[in-house]
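Note sheet for the following structure.
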Amino acid sequence: EAGVTQFPSHSVIEKGQTVTLRCDPISGHDNLYWYRRVMGKEIKFLLHFVKESKQDESGMPNNRFLAERTGGTYSTLKVQPAELEDSGVYFCASSQGNGLGRNTEAFFGQGTRLTVV
Amino acid sequence: GENVEQHPSTLSVQEGDSAVIKCTYSDSASNYFPWYKQELGKRPQLIIDIRSNVGEKKDQRIAVTLNKTAKHFSLHITETQPEDSAVYFCAASISTGRRALTFGSGTRLQVQP
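Chains A and B, in that order, are what the protein sequence lines are.
Once you know that position 115 of the first sequence is 115 in my numbering, the rest is easy, because the numbers rise by one and skip nothing.
Once you know that position 58 of the second sequence is 58 in my numbering, the rest is easy, because the numbers rise by one and skip nothing.
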């Protein structure tokens, strides 16, 4: 079974440009999460999809970030326009969410390293 | 919201020694505590987790302990090996099946051969 895949693995863009990150979760996983790790700090939550719906987007830093999950499969995270402080590693994770009120393991992608110069 | 503190930020041990990483959390409603290991250039992977209805869990050379009263939990690695070198993250969540994880800042463990 394929794991969580993210594309691209690295991206270097200039301040003011637009970048779109993509995440393909494990097939059948309803829950999809975006996280970000900045400058060796904690892995910080950005938002959470359940199927195609945004369950929690409280971690999104500002309106320059837009996430979508059309059809409840893959997700994209667009940053427009990018700023220097957006640099970091963006992780995507997915989990089944068995509906029994218990967490199931979150599987992570390898991340996209974004550098804004 | 939940806040997770993790210490130390770096840890260097000799091969064969034990390593202990400690985390505290703030939300008493949290009841699910996973630990992730991230090797250089690879994805974070779950190595062990514990739920609040138990105080300790072991899996070969790794163990996790949880003190709900004090709101802290720890990762213990015994007989460390060079391949244990990685960044370790603790996390906390409310086990409702659909809640995101709150992570600690990570511990870089270096096992010296």
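Note that CB positions come from ideal geometry on N, CA and C, so glycine has one too.
DSSP places A/LEU66 within a strand segment (E or B) once states are collapsed to three. Shown in chain order are the members of the region 92-107 of chain B whose Cβ falls below 9 Å from a Cβ of chain A: SER93, ILE94, SER95, THR96, GLY97, ARG98, ARG99, ALA100, LEU101, THR102, PHE103, GLY104, SER105 and GLY106. Here B/GLU15 is not near B/ALA92, since their CB atoms are 8 Å or more apart. In the DSSP assignment, A/HIS29 falls outside any beta strand (DSSP E), carrying neither H nor E. Counting C-beta pairs closer than 8 Å gives fewer than three between the region 29-39 of chain B and the region 54-61 of chain B, which falls short of the contact rule.
The shortest CA-to-CA distance from A/LYS15 to any of A/GLU42, A/LEU84 and A/MET39 is the one to A/LEU84. For B/GLU56, the enclosing beta strand (DSSP E) covers residues 56-59. For the pair A/VAL79 and A/THR5, the CB atoms are not nearer than the 8 Å cut-off. For B/PRO44, at least one C-beta of chain A is nearer than 8 Å to its own C-beta. By DSSP's assignment, A/VAL19 forms a beta bridge with A/VAL79. B/GLU79 sits in coil when the DSSP states are folded into three classes, being neither helix nor strand. Residue environment for B/GLN81: exposed (fewer than 16 other C-beta atoms within 10 angstroms of its C-beta). Boundaries of the beta strand (DSSP E) around A/ILE13: 10-13. B/ALA92 is bridged by DSSP to B/THR102. For B/GLN112, the CB contacts under 6 Å within the same chain, skipping 5 residues up- and downstream, are GLN14 in chain order. For the set A/THR115, A/VAL117, A/VAL116 and A/GLY111, the Cα lying nearest the Cα of A/CYS23 is the one of A/GLY111.
For A/GLY28, the CB contacts under 8 Å within the same chain, skipping 5 residues up- and downstream, are GLN96 in chain order.
Annotation: the continuous beta strand (DSSP E) that includes A/THR112 extends over 112-116. Contact of B/PHE73 with chain A by beta-carbon distance below 8 Å is absent, the smallest such distance being about 15 Å.
In summary, A/GLU42 is buried, with 16 or more beta-carbon neighbours lying within 10 Å of its beta-carbon over all protein chains present.
The shortest C-alpha to C-alpha distance from A/GLY109 to any of A/ILE26, A/ILE13, A/VAL12 and A/SER11 is the one to A/ILE26. DSSP places A/GLY88 within a strand segment (E or B) once states are collapsed to three. Under the Cβ distance rule, A/HIS48 counts among the residues neighbouring chain B, one pair being separated by less than 8 Å.
Residues of chain B with a Cβ closer than 9 Å to the Cβ of A/ALA67 do not exist; the shortest Cβ-Cβ separation is about 13 Å.
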